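Take a look at the structure set out below.
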Amino acid sequence: MPGIKTLLGNWQVVMRCVASGLFLLAHGLLVLEHIALGTALHGIAELFLAPWAIRHRAWDIIVIGLIFCVFDLWGTIRLVSFA
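Residue numbers for the sequence shown follow UniProt numbering, so the first one is 1 and each next one is one higher.
Written as structure tokens, this is what we have:
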């Protein structure tokens, strides 16, 4: 069904754009030393980027995303638990 494939493709483009915006916001927060919020948003952005990367078999982005997602979640939990 071409309609479903087009809808799925558009959804993945939207998710990739949302992820890019979240990365910019997260890095801006990290630079301004809002570490917990910046790290949490960075991890969420990695999750938004995943559908696009999996569809295009961008294994480098998938592996890097998994590594950063683990570190982002671990860092956020450590920061929140010690606050």
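Just so you know, even glycine gets a beta-carbon here, dropped at the ideal spot from N, CA and C. None of the values given here were measured: they were computed from a predicted structure.
Less than 8 Å between the CB atoms is what I'm expecting for residue i and residue j, so what's the real figure, rounded?
| i | j | result |
| --- | --- | --- |
| Ala53 | Ile61 | 4 Å |
| Ile35 | Leu73 | That pair is no contact at about 14 Å. |
| Phe48 | Met15 | 5 Å |
Using CA atoms only, rank isn't needed, just tell me which of the options is closest to residue i.
| i | options | result |
| --- | --- | --- |
| Glu46 | Leu32, Val18, Leu29, Ser81 | Val18 |
| Phe71 | Val14, Trp11, Met15, Leu41 | Leu41 |
Skipping 5 residues on each side, what residues in its chain have a beta carbon closer than 7 Å to that of residue i?
| i | result |
| --- | --- |
| Ala26 | Gly38, Leu41, His42, Ala45 |
Distance, Cα to Cα, residue i vs residue j?
| i | j | result |
| --- | --- | --- |
| Ala50 | Asn10 | 15 Å |
Please work out which residues of its chain come closer than 6 Å, Cβ to Cβ, to residue i, disregarding the five sequence neighbours upstream and downstream, and give them in chain order.
| i | result |
| --- | --- |
| Gly75 | Thr39 |
| Leu29 | Leu37, Gly38 |
So, at 8 Å on beta carbons, what are the nonlocal neighbours of residue i in its own chain, with the 5 sequence-adjacent residues on each side left out?
| i | result |
| --- | --- |
| Val13 | Trp52 |
Kindly say whether residue i, judged by its beta-carbon, lies nearer than 8 Å to any beta-carbon of chain D.
| i | result |
| --- | --- |
| Trp52 | The question asks about chain D, but that chain is absent: this structure has only one protein chain. |
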